[in-house]
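The first sequence begins at 10 in the working numbering and counts up one residue at a time.
Beta carbons are placed, not taken as given, at the ideal position from N, Cα and C, and that holds for glycine.
All of these numbers come straight from a predicted model, not from anything done at the bench.
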Amino acid sequence: MLRFAPSPTGDMHIGDLRVALFNYIVSKQRNEDLIVRIQDLDKEKNVEGKDEEILALLSLFGIEYTQVIYQSESVRYHSAMALELIHEKKAFSCFCSPEWLEKRREEAKESKKAYSYDDACRNLPDELVIDNMSPFTIRLNRPDEAIIVNDAIKGKVSFKPDAVDSFVIMSQDKTPTYNFACAVDDMLSDISLVIRSEEHMSNTPKQDHIRASLGYDKKVEYVHLPIIKEDDSFSVKWLLEEGFLPAAISNYLISIGNKPPLEIFDTKDAIEWFSLDNISKSPVRFSIDSLREINKKHLKNMDATELSRYVGFADANIGELAKVYLEEASTTKELKAKIEPIFAVKEIPQEFTDAAQAMTKTIKGAPFFEEYDDFKNYIMKESGLDGKNFSKVLRFLLSGAENGPDIALVYKYLKNYIGEIVK
RNA sequence: GGCCCCGUCGUCUAGCGGUUAGGAUCCAUGGUUUUCAUCCAUGUUACAGGAGUUCAAUUCUCCUCGGGGUCACCA
Numbered sequence: 010m011l012r013f014a015p016s017p018t019g020d021m022h023i024g025d026l027r028v029a030l031f032n033y034i035v036s037k038q039r040n041e042d043l044i045v046r047i048q049d050l051d052k053e054k055n056v057e058g059k060d061e062e063i064l065a066l067l068s069l070f071g072i073e074y075t076q077v078i079y080q081s082e083s084v085r086y087h088s089a090m091a092l093e094l095i096h097e098k099k100a101f102s103c104f105c106s107p108e109w110l111e112k113r114r115e116e117a118k119e120s121k122k123a124y125s126y127d128d129a130c131r132n133l134p135d136e137l138v139i140d141n142m143s144p145f146t147i148r149l150n151r152p153d154e155a156i157i158v159n160d161a162i163k164g165k166v167s168f169k170p171d172a173v174d175s176f177v178i179m180s181q182d183k184t185p186t187y188n189f190a191c192a193v194d195d196m197l198s199d200i201s202l203v204i205r206s207e208e209h210m211s212n213t214p215k216q217d218h219i220r221a222s223l224g225y226d227k228k229v230e231y232v233h234l235p236i237i238k239e240d241d242s243f244s245v246k247w248l249l250e251e252g253f254l255p256a257a258i259s260n261y262l263i264s265i266g267n268k269p270p271l272e273i274f275d276t277k278d279a280i281e282w283f284s285l286d287n288i289s290k291s292p293v294r295f296s297i298d299s300l301r302e303i304n305k306k307h308l309k310n311m312d313a314t315e316l317s318r319y320v321g322f323a324d325a326n327i328g329e330l331a332k333v334y335l336e337e338a339s340t341t342k343e344l345k346a347k348i349e350p351i352f353a354v355k356e357i358p359q360e361f362t363d364a365a366q367a368m369t370k371t372i373k374g375a376p377f378f379e380e381y382d383d384f385k386n387y388i389m390k391e392s393g394l395d396g397k398n399f400s401k402v403l404r405f406l407l408s409g410a411e412n413g414p415d416i417a418l419v420y421k422y423l424k425n426y427i428g429e430i431v432k
């Protein structure tokens, strides 16, 4: 069983999507289920509706899952297990105040040492614990020995007991902390492999330690993906709004820091050849320009009629025309901005006003020509225009722009619409 | 600062002891194109530094330097 565990606290980020994609691909390869666990423990940070939005995005990207679990619904299990740990003396109540701990952290920082809890409350006499009415947290005893995490990408990584620390598993308000809830839930869901971002690396020994303390023998496999370096932060929603295709975004996210056998592919193809062994150990760079290139290639491969829908039509000719415009546009949004002016009222520069009037008149009176050359020759002859007055003006009239693709190509796909374009 | 990762053309990278160190992109030049762009061809540019191991290090080890991650009663 694999899992994707997003928190509904903001827009889904490309890094989150990459993690989801990898989990999905590997779940298919291993023929295991993928579940989605919404990490909604932090009531303050949860954003209404984000869970639904994340689920909708997963569907849009073709990521199939068998179950959705809301973490907040299993808090009673978390409490029960914390209690068990206390009974077995594997965890203890800690009465240290947040303010005092904060002070300790600052001291550690000033003396340039790594902060670690001093276990002050670990061996409190029972009567002191019982009689104490102050709010408390529950901490798990730090491990006696170093914990080795065997990561599929990074290899064996060792964490000393102090690095794992006697960390908090239940906060004062009786809610489980992230690491505790996460470790327990992975255990309860019988998760066999966790693929997540590198920033969770230091949580891994903590989560292993929690399960070991609970007597859970099964080893969970871990893969920590190198982080994505970005110049700006990109949300999936934004990329979609900018006119990037889900197929292209997936393609790109699977490609970076990887060794795909080909440049353009869909997620189904990736299931055939994807291997965690090929993932780079170094951080990967997210380049919007590279994404644009890949998006362009996906648009080029798209069915013409389907493509035309993205720019507001339902006609293969417009789809083909859009492909011609791909030489200067990379997203559906940009294509739309190129196609729309063609059918809009044209604004002709002052110097060409007369020529434009003459040409408009000629075009309106012209018969239908299958070939551009015939059309061109006719217009040229009938209007008496030549040079700039001909080529520039014709381009303005037909495309609504000063520059653009070869006008013969434009004509090829637009010839049936001349009446609508030149008004 | 502690711990943990990473360090190849300007950029993104291939390479897993012996290579003319490959590709993509950028840049430059030439060509195609009655426009801008595209496209094609050609060209410049890299193993962070220093020790070691070895017949042989880009590749293995250590140190320095540089970059990143993490050190919460957040997830």
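A distance below 8 Å between beta-carbons, with the five flanking residues on each side excluded, links Pro350 to the following residues of its chain, in chain order: Ser408, Gly409 and Ala410. Per DSSP, the beta bridge partners of Thr146 are Cys103.
As computed with DSSP, Val45 is found in a beta bridge with Phe13 and Val77. Counting C-beta pairs with one atom in each stretch, the stretch 227-239 and the stretch 197-210 have three or more that are closer than 8 Å, which means they touch. Annotation: the continuous alpha helix (DSSP H) that includes Leu403 extends over Gly396 to Ser408. Counting of Cβ neighbours within 10 angstroms places His87 among the buried residues, the total reaching 16 or more. When the beta-carbon positions are compared, Tyr74 and Leu43 come within less than 8 Å of each other.
Here the C-alpha atom of Val177 lies approximately 10 Å from the C-alpha atom of Tyr126. If you compare the alpha carbons of Glu336, Glu97, Ile263 and Ala417 with that of Phe384, the shortest gap goes to Ala417. Contact between Val138 and Ser102 holds: CB atoms are separated by about 5 Å, below the 8 Å threshold. The beta carbon of Met389 sits closer than 8 Å to those of Asp395 and Phe399, all from its chain and outside the five residues before and after it, given in chain order.
Cβ atoms of Ile348 and Ala331 come within 8 Å of each other, at about 6 Å.
Cβ contact annotation for Met21 (same chain, cutoff 6 Å, sequence separation greater than five): Ile63, Leu66 and Val245, in chain order. Looking at the DSSP output, Arg85 shares a beta bridge with no other residue. For His233, there is no enclosing alpha helix (DSSP H); the enclosing beta strand (DSSP E) has its first and last residue at Glu230 to Leu234. Ranked by how close their Cα comes to the Cα of Asp174, the residues Ser211, Val333 and Thr362 have Ser211 in first place.
Runs of the alpha helix (DSSP H) lying entirely within the stretch 116-195 and spanning at least 4 residues, in chain order: 135-140 and 170-173.
In the three-state reduction of the DSSP assignment, Val431 falls in the coil class, being assigned neither a helical nor a strand state. Classified as buried, Val419 has 16 or more neighbouring CB atoms from the shown chains inside 10 Å of its CB.
Rounded to whole angstroms, Phe31 and Ile263 show a C-alpha spacing of 7 Å.
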